[in-house]
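>
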Amino acid sequence: MHDQDLKALLLNGDDRFWSGLAAATRQASGFEELFSLSSLRRKARARRLPRPGAVPDQLRLALLGGYSLYPFRELLEHLCETEGFPCELWAGDFDNYISEITDTTSGLYAFAPQVVLLLPSEHRCKYPGKLTDPREMQQAEAGRAVDSLLELARALHDQTHAEVIMTNFMLPARHDLGSYRSRTLGSDWSFRKWVNLELGLKAPSYLHLCDLEFLAHRLGGYRAHDARGWFESKQPGSPPLLAELAREAAHLIGSLRRAPKKVLVLDLDNTLWGGVIADDGLEGIEIGDTSPRGEAFKAFQKYIASLKDRGTLLAVCSKNDHAKAAQAFEEHPEMVLRLDDFVSFKANWQPKSENLRQMAAELNLGLDSFAFVDDNPAEIEIVRQFAPEVATILLGPDPSEYVTQLQDCRLFEPRNITREDVERTAAYQSESKRQALFASVTDMDAYLQSLAMEATISEFKPMDVQRLSQLINKSNQFNLTTRRRTEGDILALLSNPAYIGFSVRLKDRFGDHGLISIVIGKKAGNTMEIDTWLMSCRVLKRQVEDEVLNELARLAKARGCTELLGVYLPTAKNEMVRDFYENIGFTLTAEDKNSREYKLALEKFRPLPTRIKITRRAYEST
Amino acid sequence: MNQPDVIAKLQSIFDDLFLEPVHLTPTLSAKDVPEWDSLTHISLLLAVEKAFGIRFRVGEVEAARNVGEFADLIAKRISER
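Order-wise, the sequence lines are chains L and H.
Per my numbering, numbering through the first sequence is continuous, rising by one, with the last residue being 622.
Per my numbering, numbering through the second sequence is continuous, rising by one, with the last residue being 81.
As structure tokens, then:
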């Protein structure tokens, strides 16, 4: 729809104006187009043109930065509104963001934003010294620049609990300094690159980066800058850059509110290969490195495979003969994707919208988790009409552009870093530090001492039952008897005075290992039988087993026992502990092919020395 | 291009941009037209630069006080192309 048609709808008071406006906004490319659509929207509002549908809640969005945020804010407000999440905007003063953030009585905090978009000033992201200063000095300065930005983001988040979106910095696009620009961190070029990189890698999970460097790169650095716009009205960049920036910011704000697509559904003929499999046959379709078109289709399949590796589910929905379609995946040597890459494979003559609905039911997912790709506009149209929740991608006429079309569809972007990612990284890092330490000390005792291990030993508690049951039922290797128990079994044990049960948690200077060992003992006369003894293999050779034995002996003695009875029941997986009791000082007393029994007299037993500090023991109140 | 030619061409740009018809005269200025706000002004400048194939220099548009002076400025930039 053109501006003139929209204007006519507006002048006639026709509420189809709004859907036309949203569609035109999605299509609009440059600043001027977007801007005039935004003006039309304002005029429609001023004329109180009624809007169909429910009015969504307004999102409280604060904008602040080292630039004039006008007309940028118009574009952003327009895009957010036409995307379906209208915003109430609060904009800070030009280049006043540091005091707006640090002064907790500022208007920013009175506004109580849910999302804050911060555009820090690039004029402050400069190395203040000489190009020839030592690299360490320049690097330290870049680090300080990053830290002060992170500090602003943290202050914002602490005060408001808002999601914080921050832009990074455009790189200069002039020849200034020549090739020397990349030989020093003191040039704006290198300094900002460094800051951008470090900022991205250090950003906490509440901080979402709006990658201005990337946006300007994509647009063309030369086109992204506008010196006149800066001098006249303190603009962050050229009009086309403002349009890109507003689109990106609106996308980020939107993606905080909607999930990425889970399933990519693909057509077959002329989508995954050139030609029609039912007509052209296995030999006739174009796929593989023998022709430029074949290469393009193969590259498309490779890209799709990479989406699968990132966690996207793949499915097929094709008007086709099922056997012939399946055969292509089973037998064609150049095919990258194979049948087992797909979670659903529908090659039949049903309408595609029907197939998609069935798929959603089978996979137990909402239709809005699906994206559908086809080269045929008629199929896309059917899906748009009859399964409108599905996102659709109509492939263009040239298969060499299929990959880029998917790359730019923005439907499969990983969410910002999750807490689990952060924890996984942290766990990995502390494990590699631990390994490095192990490698650096040759003396085992010194190593164990340097770990500064602390263990807490706790009798079974109702609160722990779920975790106890989990570990009891999944632990295989360091498990002497492999007796499985349900949560109910454990609860029953708790109230049976013949049993003792305790668990061990371990932490060291690199991290907390959590619950890592479980023991259950059963008293019969003056014997304490070790019904269960298991341990997580992550803490092997850390003296945890020694401390467990110390604790077992202590508890058994306290209950009037004179000996411990250890039982080893071999399984396919617990070979590791076959000689465990013997190695730790027990004596073999009975053996057959299904079990071994060992005993340890408590009278002579002396607690084993370890490097683990026990901060709490079982059946002792804390 | 002289002032009247420029104003004639400007008129068609205004017709596209404004909802309510605006009749351009040399003495007309932004404050005479309610719809001619700063938002519309930005669109107007971009449209004018594109339509006439010119680029204004820093600060000079601000100095033009009415449509006549604005048209003169456009004519001057055209003549220097």
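Cβ atoms here follow ideal geometry from the backbone N, Cα and C, with glycine treated the same way.
1. Name the chain H residues that come within less than 8 Å of L:E32, Cβ to Cβ?
2. Cβ of H:G59 less than 8 Å from any chain L Cβ?
3. Could you tell me the distance, in whole angstroms, from the CA atom of L:V668 to the CA atom of L:L156?
4. Using 10 angstroms around the beta-carbon of L:Q27, count the other beta-carbons present and answer buried if the total reaches 16, otherwise exposed.
5. With a threshold of 16 other CB atoms inside 10 Å of the CB of L:Q114, please say whether the residue is buried or exposed.
6. Going by DSSP in three states, H:R57 sits in which element: helix, strand or coil?
7. Let me check one thing: in DSSP terms, what residues is L:D374 bridge-paired to?
8. Just how far apart, CA to CA, sit L:P316 and L:D289?
9. Output the boundary residues of the alpha helix (DSSP H) element that contains L:F644.
10. Go ahead and label L:C87 buried or exposed: buried means 16 or more other beta carbons lie within 10 angstroms of its beta carbon, across all protein chains shown.
11. For H:L24, tell me which candidate among H:V61, H:Q11 and H:A75 has the shortest Cα-Cα distance.
12. Could you have a look at L:G20 and say whether DSSP puts it in helix, strand or coil?
13. Answer yes or no: does any C-beta atom of chain H fall closer than 8 Å to that of L:P50?
14. Residues in its own chain within less than 8 Å of L:R310 by CB, not counting five upstream and five downstream?
15. Got a sec: which bits of the region 236–254 of chain L sit with their beta carbon under 8 Å from any beta carbon on chain H, in order along the chain?
16. Is there a C-beta anywhere in chain H that falls below 8 Å from the one on L:S36?
17. Tell me the DSSP secondary structure of H:R77 in three-state form.
18. Is the beta carbon of L:A455 closer than 8 Å to that of L:V504?
19. When the cut-off is 8 Å and only beta carbons count, does L:S39 lie next to chain H?
20. Tell me the DSSP secondary structure of L:W189 in three-state form.
21. Compute the Euclidean distance between the alpha carbons of L:E141 and L:G200, then round it to the nearest angstrom.
22. Pop quiz: L:L268 and L:A347 are said to be a contact at Cβ under 8 Å. What is the actual Cβ separation, rounded to whole angstroms?
23. Taking 8 Å as the cut-off, does the region 111–129 of chain L touch the region 159–173 of chain L (at least 3 CB pairs, one atom from each stretch)?
24. Give me the Cα-Cα distance between H:D15 and H:K9, rounded to the nearest whole angstrom.
25. Hey, how far is the Cα of L:E248 from the Cα of H:G53?
26. If we ignore side chains and look at the alpha-carbon of each, how far apart do L:D95 and L:E213 end up?
27. Got a sec: which bits of the region 7–32 of chain L sit with their beta carbon under 8 Å from any beta carbon on chain H, in order along the chain?
28. Note the first and the last residue of the continuous alpha helix (DSSP H) segment covering L:W230.
29. Within the continuous alpha helix (DSSP H) that includes L:E74, where are the two ends?
30. Chain H partners of L:R228, CB-CB under 7 Å?
31. Enumerate in chain order the residues of its own chain whose CB-to-CB distance from L:L89 is below 7 Å, with the five nearest sequence positions on each side excluded.
32. Mapping the DSSP letters down to three states, classify L:M453 as helix, strand or coil.
33. What residues of chain L sit near H:L10, judged by a beta carbon separation below 9 Å?
34. Which one or two residues does DSSP pair with L:E362 in a beta bridge?
35. Pick helix, strand or coil for L:F214, following the three-state DSSP scheme.
36. Are the C-beta of L:E231 and some C-beta of chain H separated by less than 8 Å?
If we stick to the structure as given:
1. Locating residue 32 of chain L in the first sequence gives position 32, counting from the first residue. Counting only Cβ-Cβ distances below 8 Å, L:E32 has contacts in chain H at S43, L46, A47 and K50, in chain order.
2. To locate residue 59 of chain H, count along the second sequence from 1; it is residue 59. Interface annotation, H:G59: in contact with chain L, CB-CB separation under 8 Å.
3. Because chain L here runs from 1 to 622, residue 668 of chain L falls outside it and cannot be looked at.
4. Translated into positions along the first sequence, residue 27 of chain L becomes position 27. Answer is exposed; the Cβ neighbour count stays below 16.
5. Here residue 114 of chain L is taken as the residue at index 114 of the first sequence, counted from 1. So L:Q114 counts as buried.
6. The count along the second sequence starts at 1 and reaches residue 57 of chain H at position 57. Of the three classes helix, strand and coil, the one that applies to H:R57 here is coil, per DSSP.
7. Indexing the first sequence from 1 puts residue 374 of chain L at position 374. According to DSSP, L:D374 bridges with L:L394.
8. As a position in the first sequence, residue 316 of chain L is number 316, starting the count at 1. As a position in the first sequence, residue 289 of chain L is number 289, starting the count at 1. Going by the sequence as given, residue 316 of chain L is Val instead of Pro. Rounded to the nearest angstrom, the two C-alpha atoms are 23 Å apart.
9. As displayed, chain L neither begins before 1 nor continues past 622, which places residue 644 of chain L out of reach and without an answer.
10. By 1-based counting over the first sequence, the position of residue 87 of chain L is 87. L:C87 counts as buried, since at least 16 other C-beta atoms from the protein chains shown sit within 10 angstroms of its C-beta.
11. Your numbering for residue 24 of chain H matches position 24 in the second sequence. When only C-alpha atoms are compared, the closest one is H:Q11.
12. Residue 20 of chain L sits at position 20 when you count from the first residue of the first sequence. Helix, per DSSP.
13. Locating residue 50 of chain L in the first sequence gives position 50, where the first residue counts as 1. No, no contact with chain H.
14. The count along the first sequence starts at 1 and reaches residue 310 of chain L at position 310. Result list for L:R310: F412 and P414, in chain order.
15. Residues of the region 236–254 of chain L that bring their beta carbon within less than 8 Å of a beta carbon in chain H comprise P239, in sequence order.
16. One-based indexing of the first sequence puts residue 36 of chain L at position 36. Closer than 8 Å: yes.
17. Here residue 77 of chain H refers to the residue found at position 77 when the second sequence is read from its first residue. Note: H:R77 maps to helix in three-state DSSP.
18. Mapped onto the first sequence, residue 504 of chain L falls at position 504. Mapped onto the first sequence, residue 455 of chain L falls at position 455. In terms of Cβ geometry, L:V504 and L:A455 form a close pair [threshold 8 Å].
19. For this step, residue 39 of chain L is matched to residue 39 along the first sequence. It does: the Cβ of L:S39 has a partner Cβ on chain H nearer than 8 Å.
20. Looking up residue 189 of chain L in the first sequence gives position 189. Note: L:W189 maps to helix in three-state DSSP.
21. Position 141 of the first sequence, counting from 1, holds the residue named residue 141 of chain L. Position 200 of the first sequence, counting from 1, holds the residue named residue 200 of chain L. Whole-angstrom Cα-Cα distance: 17 Å.
22. On the first sequence, position 268 is the one that residue 268 of chain L refers to. On the first sequence, position 347 is the one that residue 347 of chain L refers to. Rounded, the Cβ-Cβ distance is 7 Å, consistent with contact.
23. By the C-beta criterion, the region 159–173 of chain L is judged to be in contact with the region 111–129 of chain L, since at least 3 inter-stretch pairs fall below 8 Å.
24. Position 15 of the second sequence holds residue 15 of chain H. Position 9 of the second sequence holds residue 9 of chain H. Between H:D15 and H:K9, the C-alpha separation is close to 10 Å.
25. By one-based count along the first sequence, residue 248 of chain L stands at place 248. By one-based count along the second sequence, residue 53 of chain H stands at place 53. About 30 Å.
26. The count along the first sequence starts at 1 and reaches residue 95 of chain L at position 95. The count along the first sequence starts at 1 and reaches residue 213 of chain L at position 213. Taken atom to atom, the span from the alpha-carbon of L:D95 to that of L:E213 is near 20 Å.
27. Taking 8 Å as the Cβ-Cβ cut-off against chain H, the residues of the region 7–32 of chain L that qualify are K7, L10, L11, F31 and E32.
28. Numbered from 1 along the first sequence, position 230 holds the residue referred to as residue 230 of chain L. For L:W230, the uninterrupted alpha helix (DSSP H) run begins and ends at A227 to S233, by DSSP.
29. Within the first sequence, the letter at position 74 stands for residue 74 of chain L. Taken as a continuous stretch (DSSP letters only), the alpha helix (DSSP H) holding L:E74 covers F72 to T82.
30. Translated into positions along the first sequence, residue 228 of chain L becomes position 228. Those are V58, listed as they occur along chain H.
31. Taking the first residue of the first sequence as position 1, residue 89 of chain L is located at position 89. Closer than 7 Å at the Cβ level, and outside the excluded window around L:L89, lie L61, L63, R73 and E77.
32. Reading the first sequence from its first residue, position 453 is the one you call residue 453 of chain L. Under the three-state reduction of DSSP, L:M453 is assigned to coil, being neither helix nor strand.
33. Residue numbering aside, residue 10 of chain H sits at position 10 when the second sequence is read from its first letter. Per Cβ cutoff of 9 Å: no residues; H:L10 is ~16 Å from chain L at best.
34. Numbered from 1 along the first sequence, position 362 holds the residue referred to as residue 362 of chain L. DSSP lists no partner for L:E362.
35. The sequence position of residue 214 of chain L within the first sequence is 214, counting from 1. Helix.
36. Along the first sequence, read from residue 1 onward, the residue named residue 231 of chain L stands at position 231. Correcting the residue type first, residue 231 of chain L is Phe in the shown sequence and not Glu. Answer yes: the Cβ-Cβ gap between L:F231 and chain H drops below 8 Å somewhere.
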